[in-house]
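So the protein lines, in turn, are chains A and B. Here the first sequence stands for residues 1 to 129, numbered as in the working numbering. Here the second sequence stands for residues 130 to 901, numbered as in the working numbering.
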Amino acid sequence: MASVPKVNGEPLMIPPNTCYAQFLNRTRVAPIVKYCTLGTDASDEALDIILAACELLPWDNLGISNHIKNHLDDRLGTPWHVVVGESFAFEITSEGGDLMFVYYGSLAIMAWKCGHVLTREIKTKLQVS
Amino acid sequence: MPNLPLKSPGKTSFAKSALIRGKGSGTATPFGGVAGKKGGGGNLPAGGPGHEGEANGILEGISSLHSWIKTQTMIRPTPKISRGKLNGTYEEDADEDVVITLTAKNPQAPKNVVRFDYTSGEYINIKLSETMIDHLEIESTCFHRDSVEAKKQIQAGGGAMNASSFRHLAKGVVKRDRIISLINTEGLDEDEHDEDLDEERTKRNQTAKRDQVARDAEKVKAVKPRRRDSDDEDGDGGDKKLQNQFSFVERATQTMNNAMKSAAIQTEPPPRANFSDSVNQWIIFDAYTAYEKQKELQEEQEKNKGKKEENVSAYSIKRILSDKKPDPNEDLNRNMLKAAKILERMVNQNTYNDIALDFKYWEDASDEFRETEGTLLPLWKFNFEKARDMEITCLCWNPCYTDLFAASYGTYNFYEQDKPEESYVCVFSLKNPSFPEYLCKAHCGVMCVDIHPRHPHMLAAGLADGSVAVYNLQVHSQDPFYLSTANNGKHQDIVWQIKWAKDNLDGYLNFYSVSGDGRVTNWTIVKTALWHTDTMSIKFSRHLENFSEELVRDNLREGGRCVNFNPTDETMFLVGTDEGVIYKCTTEYSSKYLETYPAHNTSIYNIAWNQYVPSIFITCASEWMIKIWDHNSRKPLFMFDLNSQVGDVAWAPYSSTVFAAVTIDGKVHVFDLHVDKYHPVCSQPIIPRKKARLNHVSFNLHHPILIVGDSKGTVHCVKLSPNLRRQTKEVKTALANKEPKKALELEIKKLENLLAMVREPQDNKGRKEDEP
Numbered sequence: 001m002a003s004v005p006k007v008n009g010e011p012l013m014i015p016p017n018t019c020y021a022q023f024l025n026r027t028r029v030a031p032i033v034k035y036c037t038l039g040t041d042a043s044d045e046a047l048d049i050i051l052a053a054c055e056l057l058p059w060d061n062l063g064i065s066n067h068i069k070n071h072l073d074d075r076l077g078t079p080w081h082v083v084v085g086e087s088f089a090f091e092i093t094s095e096g097g098d099l100m101f102v103y104y105g106s107l108a109i110m111a112w113k114c115g116h117v118l119t120r121e122i123k124t125k126l127q128v129s
Numbered sequence: 130m131p132n133l134p135l136k137s138p139g140k141t142s143f144a145k146s147a148l149i150r151g152k153g154s155g156t157a158t159p160f161g162g163v164a165g166k167k168g169g170g171g172n173l174p175a176g177g178p179g180h181e182g183e184a185n186g187i188l189e190g191i192s193s194l195h196s197w198i199k200t201q202t203m204i205r206p207t208p209k210i211s212r213g214k215l216n217g218t219y220e221e222d223a224d225e226d227v228v229i230t231l232t233a234k235n236p237q238a239p240k241n242v243v244r245f246d247y248t249s250g251e252y253i254n255i256k257l258s259e260t261m262i263d264h265l266e267i268e269s270t271c272f273h274r275d276s277v278e279a280k281k282q283i284q285a286g287g288g289a290m291n292a293s294s295f296r297h298l299a300k301g302v303v304k305r306d307r308i309i310s311l312i313n314t315e316g317l318d319e320d321e322h323d324e325d326l327d328e329e330r331t332k333r334n335q336t337a338k339r340d341q342v343a344r345d346a347e348k349v350k351a352v353k354p355r356r357r358d359s360d361d362e363d364g365d366g367g368d369k370k371l372q373n374q375f376s377f378v379e380r381a382t383q384t385m386n387n388a389m390k391s392a393a394i395q396t397e398p399p400p401r402a403n404f405s406d407s408v409n410q411w412i413i414f415d416a417y418t419a420y421e422k423q424k425e426l427q428e429e430q431e432k433n434k435g436k437k438e439e440n441v442s443a444y445s446i447k448r449i450l451s452d453k454k455p456d457p458n459e460d461l462n463r464n465m466l467k468a469a470k471i472l473e474r475m476v477n478q479n480t481y482n483d484i485a486l487d488f489k490y491w492e493d494a495s496d497e498f499r500e501t502e503g504t505l506l507p508l509w510k511f512n513f514e515k516a517r518d519m520e521i522t523c524l525c526w527n528p529c530y531t532d533l534f535a536a537s538y539g540t541y542n543f544y545e546q547d548k549p550e551e552s553y554v555c556v557f558s559l560k561n562p563s564f565p566e567y568l569c570k571a572h573c574g575v576m577c578v579d580i581h582p583r584h585p586h587m588l589a590a591g592l593a594d595g596s597v598a599v600y601n602l603q604v605h606s607q608d609p610f611y612l613s614t615a616n617n618g619k620h621q622d623i624v625w626q627i628k629w630a631k632d633n634l635d636g637y638l639n640f641y642s643v644s645g646d647g648r649v650t651n652w653t654i655v656k657t658a659l660w661h662t663d664t665m666s667i668k669f670s671r672h673l674e675n676f677s678e679e680l681v682r683d684n685l686r687e688g689g690r691c692v693n694f695n696p697t698d699e700t701m702f703l704v705g706t707d708e709g710v711i712y713k714c715t716t717e718y719s720s721k722y723l724e725t726y727p728a729h730n731t732s733i734y735n736i737a738w739n740q741y742v743p744s745i746f747i748t749c750a751s752e753w754m755i756k757i758w759d760h761n762s763r764k765p766l767f768m769f770d771l772n773s774q775v776g777d778v779a780w781a782p783y784s785s786t787v788f789a790a791v792t793i794d795g796k797v798h799v800f801d802l803h804v805d806k807y808h809p810v811c812s813q814p815i816i817p818r819k820k821a822r823l824n825h826v827s828f829n830l831h832h833p834i835l836i837v838g839d840s841k842g843t844v845h846c847v848k849l850s851p852n853l854r855r856q857t858k859e860v861k862t863a864l865a866n867k868e869p870k871k872a873l874e875l876e877i878k879k880l881e882n883l884l885a886m887v888r889e890p891q892d893n894k895g896r897k898e899d900e901p
């Protein structure tokens, strides 16, 4: 997916090919947290990040996921994996069970944390040797 | 006995040795002792008794020197023997010191060896050179460097110790052995050994070590003049082994390998959790709608909290009224059943699609080529699984719903009347040939059935055990709505026919039944009960031979087989009996007949009034005859012989001159009197003869179809071809002009014309009235 196409300097608003997408996106309802295993603070932060990303980069799923992932890494530790889409199925393994699954408008955002234990080990080994 | 001189720090040893030299060879004693002249020397004690004098002196000498030695004074005898004898006196020799020497000479060696010398011719003394004994032999590993062996070794590359190395050694402790060996190689005798040793020892003791060493070194030097060159050198030097470029020395070492030990460790994996889900647009939408609903609910709750008090009363009233909650399942079931029913119809239509199309549209084209004859097209076949063994005993079309008809199941076999423990009345629909629409259960065989003309849900059935049942099709139950019991006027014999009548004056439904016990009974349904009244009883008509008493005869009754009411006159009805006699009766008089018709010789199976001309009726019996009568006349108008036992006969509803009959051989005969008075217009076998008999026939009121019931429990539906339904032109035009009355009149007229031809003149009327 290329960067957001621009027309006269403004991004071109191309709605995705789904029935309710336009309806939902126009009304801009609040996000529905489908499933969340983080604590309240962490989940609030994550939700803020997600909302900010969606507001900032509409129609650009790649950009949204990138944004969310970077910010989550900063705030809540590496490494986070983020999937943004309108219609998908998944089966993921999350270390420690940190998950966040949110519906927002017509998008569904799935973020989980996996791989931080290994990185920790690598870091400690480097320090030692 | 110590052979060597005792070691003492004194000077005695020296002296002794001198003494030994002095008198070496003089005494040849086996022991070779040393005798000391002066008492001072360490004189050894003499051995042997021969030297008494000497011994005494020795002993004394010893004891004086060594006070610690305790000696035994020997007592010697004093023999006076000369010196020449062995046992002589020793006085002369008492002071003589006996010298004991240790020599290397072999005392046992022969001293006087002679040899004969041939030159001189005499024996010459030979002196043996080898008369030495080895006293001491010490093996040594050293040998002189000038000896042959040593030279060989040196050449081989052993290397000898030169003076410098020797000097090194000499600086340390000088070992006695080495010196001995060195000296030994010079060829010294061993007996001088000790002397040398002593000399050395004394020298050593007296002089410094270095001198001795120097002397030794010189000796060594003297021996080996060759070595002078290399004496000054330190280190090994000396004779080096000659080497070329090919010779090498191989040295190898092996380090110690440490023992190996392995150890392994595995860390615990971090806790992981799996999660799987799928998301679609509709899932999201549903989630949002649910969310919004919830939101609304919450808002409402909040609102309601404020307005709670006001609405309490109204709310409670509402609740009370709508207390009865409909069972949610009921709706579901009903809908389900409805859907299932529709589906069943669809499936049936699909299965029997061609038949349905034939029923609707097919017209036999060959009828154009046939003048009068027609054909019957077989359509559906209706049967009911559970009633497979039973026969069709009656057929009746529903007057309101043209596709519904009722078929009753029973058996005509007299001996098997009690066999069917459960029998049915099935209401079939043409739309569903596979299963009846309604099922009515009966506890024994059902022999007749009738549907009320105005209340199509009321079904009356007569049973084989004489009871009468009424079924209500609106109620979803298979059991009879009303059932007559033994107290309640149940017939004593099979109920052969049942017919609904018009509602009586009070508005109750009623019906008539005729049975084999000779009673025609009127039943009335009064709310929940069934009342009966005997309308009449059929009197026994035959003449009894041996019974002359009237009483008995009066009580006997004939069995009635069929009953039929006049369509126009409600009170008049016809009863057919087992004897073959038809009585015209009226409901008002129970004992008297209006008319009797000697119709047949066998029991009458059916009587049917003509719908168009109500004075005409048709009868059939098991004898092969069908007869058409005018109720005013006792003689039949028409008679038809069908060559086979007739099962049933019925008038067609669309024409006044058409009727159909079924026979036992499986044929259906259709007659049209207008077309042919004597022969059937159609005579067609429906089922093979041997399989089943045809029992009943009935015309559908709206469609050109016939239903025929057989003895195997199957109802065959048959379509009439156009020729059979032929209507006169006038009728057709009348119908086209939508003048049903006119059409009716025309039909009637048609029949009347026909009858006029057949009817006898008026004089027959008189005869009718005479007979009872």
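Where is the CB? At the ideal position from N, CA and C, for every residue including glycine.
Contacts of residue i in chain A (Cβ-Cβ under 9 Å)
{"i": "residue 416/B", "result": "32, 34, 103"}
CB contact check: residue i to chain A, cutoff 9 Å
{"i": "residue 386/B", "result": "no"}
{"i": "residue 413/B", "result": "yes"}
{"i": "residue 395/B", "result": "no"}
{"i": "residue 402/B", "result": "yes"}
{"i": "residue 585/B", "result": "no"}
{"i": "residue 420/B", "result": "yes"}
{"i": "residue 399/B", "result": "yes"}
{"i": "residue 831/B", "result": "no"}
Close beta carbons around residue i, own chain, < 7 Å, minus the five adjacent residues each side
{"i": "residue 779/B", "result": "737, 788, 789, 826, 827, 828"}
{"i": "residue 484/B", "result": "508, 509"}
{"i": "residue 776/B", "result": "734, 791, 792, 793, 822, 823, 824, 825"}
{"i": "residue 117/A", "result": "95"}
Per-residue contacts from residue i into chain A (C-beta, under 7 Å)
{"i": "residue 427/B", "result": "Correct list: empty, because the minimum Cβ distance to chain A is about 13 Å."}
Under 9 Å by beta carbon: chain B residues contacting residue i
{"i": "residue 89/A", "result": "405, 406, 407, 408, 409"}
{"i": "residue 82/A", "result": "Going along chain B, no residue has its Cβ under 9 Å from residue 82/A, so there is no contact; the nearest lies around 14 Å."}
{"i": "residue 93/A", "result": "401, 402, 403, 404"}
Selection from the options that minimises the alpha carbon distance to residue i
{"i": "residue 882/B", "options": "411/B, 559/B, 806/B, 819/B", "result": "806/B"}
{"i": "residue 466/B", "options": "532/B, 616/B, 372/B, 566/B", "result": "566/B"}
{"i": "residue 72/A", "options": "117/A, 31/A, 110/A", "result": "110/A"}
{"i": "residue 689/B", "options": "652/B, 609/B, 731/B", "result": "731/B"}
{"i": "residue 847/B", "options": "504/B, 385/B, 402/B", "result": "504/B"}
{"i": "residue 765/B", "options": "727/B, 740/B, 743/B, 384/B", "result": "727/B"}
{"i": "residue 31/A", "options": "97/A, 55/A, 74/A", "result": "55/A"}
{"i": "residue 819/B", "options": "811/B, 796/B, 876/B", "result": "796/B"}
Residue i at chain B interface by Cβ criterion, 9 Å
{"i": "residue 77/A", "result": "no"}
{"i": "residue 114/A", "result": "yes"}
{"i": "residue 55/A", "result": "no"}
{"i": "residue 96/A", "result": "yes"}
{"i": "residue 40/A", "result": "no"}
Contact set between residue i and chain B, taken where Cβ atoms lie within less than 7 Å
{"i": "residue 108/A", "result": "408, 413"}
{"i": "residue 86/A", "result": "410"}
Chain B residues whose Cβ lies nearer than 8 Å to that of residue i
{"i": "residue 99/A", "result": "402, 404"}
heavy atom of the ligand ATP below 8 Å from residue i C-beta
{"i": "residue 611/B", "result": "Among the ligands in the structure shown, none appear at all, so the ligand ATP cannot be discussed."}
Ordered list of beta strand (DSSP E) runs contained in the segment 644-731 of chain B, each at least 3 residues: Listed in chain order, the beta strand (DSSP E) runs fully inside the segment 644-731 of chain B are 648-655, 658-666, 689-694, 701-706, 710-715, 724-727, counting runs of at least 3 residues.
Taking only runs of the beta strand (DSSP E) that begin and end inside the segment 778-836 of chain B, which ones reach a length of at least 3 residues, in chain order? 787-792, 796-801, 811-814, 823-828
Which ranges would you report for the beta strand (DSSP E) in the segment 67-104 of chain A if only whole runs of at least 3 residues count? 80-85, 88-95, 99-104
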